[in-house]
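*Asks:* The sequence shown begins at 5 in the working numbering and counts up by one. Quick reminder that beta carbons are idealized off the backbone N, C-alpha and C, glycines included. Dropping the structure in here first, questions after.
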Amino acid sequence: MTRLTRLLTGTILATAFIAGPAFAQTAAKPAETKAANAPDQKPAFANQTRAPQPAQMPKIATETVAEGLPHLWSMEFLPDGRMLVTAKEGAMHIISDEGEAGPEIKGVPKVLSGGQGGLLDVALAPDYETSGRIYFSFSEEREDGNGTSVASAKLVPDDAGGGTLEDVKVVFQQMPSYDGNKHFGSRLVFGPKGELYVTVGERSDPEPRVQAQDLSSGLGKVFRIDADGKALSDNPFVSTQNARPEIWSLGHRNLQAATLDGQGRLWTVEHGPKGGDELNRPEAGKNYGWPEVTYGVEYSGRNVGDGITAKAETEQPIYYWDPVIAPSGMAYYDGDAIPEWKGAFLVGGLVSQGVVVLHMDGDKVAHEERVPLNARIRDVKVGPDGAVYAVTESRSGSSTIVKLTKT
Ligand SMILES: [Ca+2]
5 MTRLTRLLTG TILATAFIAG PAFAQTAAKP AETKAANAPD QKPAFANQTR APQPAQMPKI
65 ATETVAEGLP HLWSMEFLPD GRMLVTAKEG AMHIISDEGE AGPEIKGVPK VLSGGQGGLL
125 DVALAPDYET SGRIYFSFSE EREDGNGTSV ASAKLVPDDA GGGTLEDVKV VFQQMPSYDG
185 NKHFGSRLVF GPKGELYVTV GERSDPEPRV QAQDLSSGLG KVFRIDADGK ALSDNPFVST
245 QNARPEIWSL GHRNLQAATL DGQGRLWTVE HGPKGGDELN RPEAGKNYGW PEVTYGVEYS
305 GRNVGDGITA KAETEQPIYY WDPVIAPSGM AYYDGDAIPE WKGAFLVGGL VSQGVVVLHM
365 DGDKVAHEER VPLNARIRDV KVGPDGAVYA VTESRSGSST IVKLTKT
């Protein structure tokens, strides 16, 4: 060992020692152990990726509560405790308390279910108990291509465990249309004032994806609309010339996970490139970077654009994953049944085949925990009983619903 190396080693050791208290909690190992796709990229702050596992992790038991279901995309609990589910091919069902899918709900509009398209998210209107109205997003075939659209309808359940959608109206269309079958998003989340956040994708291909930075395009955005699909008057770009007034935030890739936190604020997890999935708390008018600024690399292994991970006037993700988890649905845990998870985000992973639990410290991630479920997870919800429910999907096109409880 040369004297210089010794000196450097000494310096590093000394630094690590001095920094000890600040990094004390990083003694626990991160859940992720696989090599990064972009090992030269460095996080912008501590715990922006590979946060350590928590010291205390609950023992989780799993129970399949429904199986043999069609290929589901999303799930929502009805006020009576039954589940309302969407199937990618374009069907909607109510799952009985016994875990049986009821007859197909009538009146669901035709959806484009090829590729990543289909019947996507479903959400109950805030006044569902009196109005019966639901909102759902889907890939819509259009004359000039296709795109993600949002419809509203009145769900009228029947005694046979099925029901009918009445007064179906498409209230919002992501524009422009594009002739592709990838990156449709989407999730629907009602905010505390009844505003509806709609997340979409940027349609993936090189030509449309750059429009994530373009305020005149609806690709790669989070939207904020009212119950009729109109822009809210206090949206950030209502007075910006040529901007689409429904835009809330920009620079997103493919947003398939979104939820409110305990303060009623929107959080999202988006599919990034290879090694670039990210957690954000989208704020009004802010730019989340894609495709100019991102962690990760193209599927080919090449840089995305200039290969930069930070730039002025773009937001750093609160957290990112390299390798990716391939996020689907997410939920905020405010139940009591699993106390260790109180205040955590639960994110479904398609590729990671389980639920990712993000323990927060304010608006930063303190710990990342993984619950392996050995199945692609398409959606995650917290039940009225405080248990966590994960929707699985198989490559052969069927789904189950798995209940997670603390043992
Ligand atoms: Ca980003």
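Let me check one thing: in DSSP terms, what residues is Glu287 bridge-paired to?
*Replies:* According to DSSP, Glu287 bridges with nothing at all.
*Asks:* Between His371 and Gly151, what straight-line distance do the alpha-carbon atoms span, to the nearest angstrom?
*Replies:* Cα to Cα, the separation comes out at about 37 Å.
*Asks:* Looking at the secondary structure, which residues open and close the beta strand (DSSP E) in which Ser221 lies?
*Replies:* Per DSSP, Ser221 belongs to no beta strand (DSSP E) and is neither H nor E.
*Asks:* Say yes only if the C-beta of His256 is nearer than 8 Å to one or more non-hydrogen atoms of ligand 1, and no if none qualify.
*Replies:* The answer is yes for His256.
*Asks:* Spatial neighbours of Ala40 within its chain, please: C-beta separation below 8 Å, excluding the five flanking residues on both sides.
*Replies:* Closer than 8 Å at the Cβ level, and outside the excluded window around Ala40, lie Gly279, Asp326 and Pro327.
*Asks:* Can you pull the DSSP bridge partners for Gly305?
*Replies:* Answer is none; Gly305 lacks a bridge partner.
*Asks:* So does Asn41 have its beta carbon nearer than 8 Å to some heavy atom of ligand 1?
*Replies:* Every heavy atom of ligand 1 is 8 Å or more from the Cβ of Asn41, so no.
*Asks:* So which of Gly347, Gly121 and Leu377 has the shortest CA-CA distance to Asp265?
*Replies:* Checking every option, the nearest Cα to that of Asp265 belongs to Gly347.
*Asks:* Determine the contact status of Tyr201 and Arg191, defining contact as a CB-CB distance below 9 Å.
*Replies:* Yes, they are a contact pair.
*Asks:* Is there at least one non-hydrogen atom of ligand 1 closer than 8 Å to the beta-carbon of Asn307?
*Replies:* No, the beta carbon of Asn307 sits no closer than 8 Å to any heavy atom of ligand 1.
*Asks:* I'd like the ranges of any beta strand (DSSP E) spanning at least 3 consecutive residues and lying wholly in the region 203-277.
*Replies:* As far as the region 203-277 is concerned, its whole beta strand (DSSP E) runs of at least 3 residues are 226-229, 251-253, 258-264 and 270-275.
*Asks:* Return yes when the Cβ of Gly224 is within less than 9 Å of the Cβ of Gly198, no when it is not.
*Replies:* Their beta carbons are not under 9 Å apart, which means Gly198 does not touch Gly224 by this criterion.
*Asks:* Alpha carbon to alpha carbon, how far is Gly353 from Arg399? Give it in angstroms, no decimals.
*Replies:* Their Cα atoms are separated by approximately 14 Å.
*Asks:* Starting from Tyr139, trace the beta strand (DSSP E) both ways and give me its first and last residue.
*Replies:* Looking at the DSSP string, the run of the beta strand (DSSP E) that includes Tyr139 is Arg137 to Arg146.
*Asks:* Is the distance from the Cβ of Ala216 to the Cβ of His275 below 9 Å?
*Replies:* No; because the gap between Cβ atoms is not below 9 Å, this pair is not in contact.
*Asks:* Tell me, to the nearest whole angstrom, how far the beta carbon of Ala164 is from that of Pro107; I am working on the premise that it is less than 8 Å.
*Replies:* Correct: roughly 6 Å between the Cβ atoms.
*Asks:* Which residues in the same chain as Thr396 place their Cβ atom closer than 8 Å to its Cβ, once the five residues preceding and following it in sequence are excluded?
*Replies:* Contacts found: Leu377, Ala379, Arg380, Ile381, Arg382, Ser403, Thr404, Ile405 and Val406.
*Asks:* Could you check the C-alpha separation between Thr272 and Leu283 for me, to the nearest Å?
*Replies:* Between Thr272 and Leu283, the C-alpha separation is close to 6 Å.
*Asks:* Kindly indicate which three-state DSSP category Tyr201 falls into: helix, strand or coil?
*Replies:* In the structure shown, Tyr201 sits in a strand (DSSP, three-state: E or B).
*Asks:* Along the beta strand (DSSP E) that carries His187, what are the first and last residues, could you check?
*Replies:* Neither: His187 is in no beta strand (DSSP E) and is coded neither H nor E.
*Asks:* Run through DSSP, which three-state label would Thr134 get?
*Replies:* Here Thr134 sits in helix by DSSP.
*Asks:* Confirm, please, whether the CB-CB distance from Gln52 to Ile312 is below 9 Å.
*Replies:* No, these two residues do not count as a Cβ contact at 9 Å.
*Asks:* Does DSSP put Trp294 in a helix, in a strand, or in coil?
*Replies:* Coil, per DSSP.
*Asks:* Going by C-alpha distance, which of Thr37, Val375, Ala42 and Asp338 is nearest Met3?
*Replies:* Residue numbering for the chain in the displayed model covers 5 to 411; residue 3 lies beyond these limits and cannot be assessed.
*Asks:* DSSP has Gln177 in a bridge; who is on the other side?
*Replies:* Paired residues: Ser153.
*Asks:* Please determine, among Thr318, Asp232, His97 and Trp252, the residue with the shortest C-alpha to C-alpha distance to Asp238.
*Replies:* Nearest option by C-alpha distance: Trp252.
*Asks:* Who are the Cβ neighbours of Met61 in its own chain at under 6 Å, not counting the five residues just before and after it?
*Replies:* Around Met61: Glu373.
*Asks:* Taking the beta strand (DSSP E) that Lys385 belongs to, which residues open and close that run?
*Replies:* Element bounds for Lys385: Arg380 to Val386.
*Asks:* Roughly how many angstroms lie between the CA atoms of Leu169 and Val301, to the nearest whole one?
*Replies:* Taking the straight line from one Cα to the other gives about 43 Å.
*Asks:* By a C-beta neighbour count over all protein chains shown, 10 Å radius and 16 as the cutoff for buried, is Ala26 buried or exposed?
*Replies:* Here the model assigns Ala26 a pLDDT of 45, short of 50, so the residue's position is not dependable, and the following value carries that caveat. Label assigned to Ala26: exposed.
*Asks:* Can you give me the C-alpha to C-alpha distance between Tyr336 and Val360, rounded to a whole angstrom?
*Replies:* Straight-line Cα distance between these residues: approximately 12 Å.
*Asks:* I'd like to check one pair, Phe140 with Phe176: are the Cβ atoms closer than 9 Å?
*Replies:* In this structure, Phe140 does not lie closer than 9 Å to Phe176 by Cβ.
*Asks:* Have a look at Glu317 and Val297 and give me their C-alpha separation to the nearest angstrom.
*Replies:* Taking the straight line from one Cα to the other gives about 11 Å.
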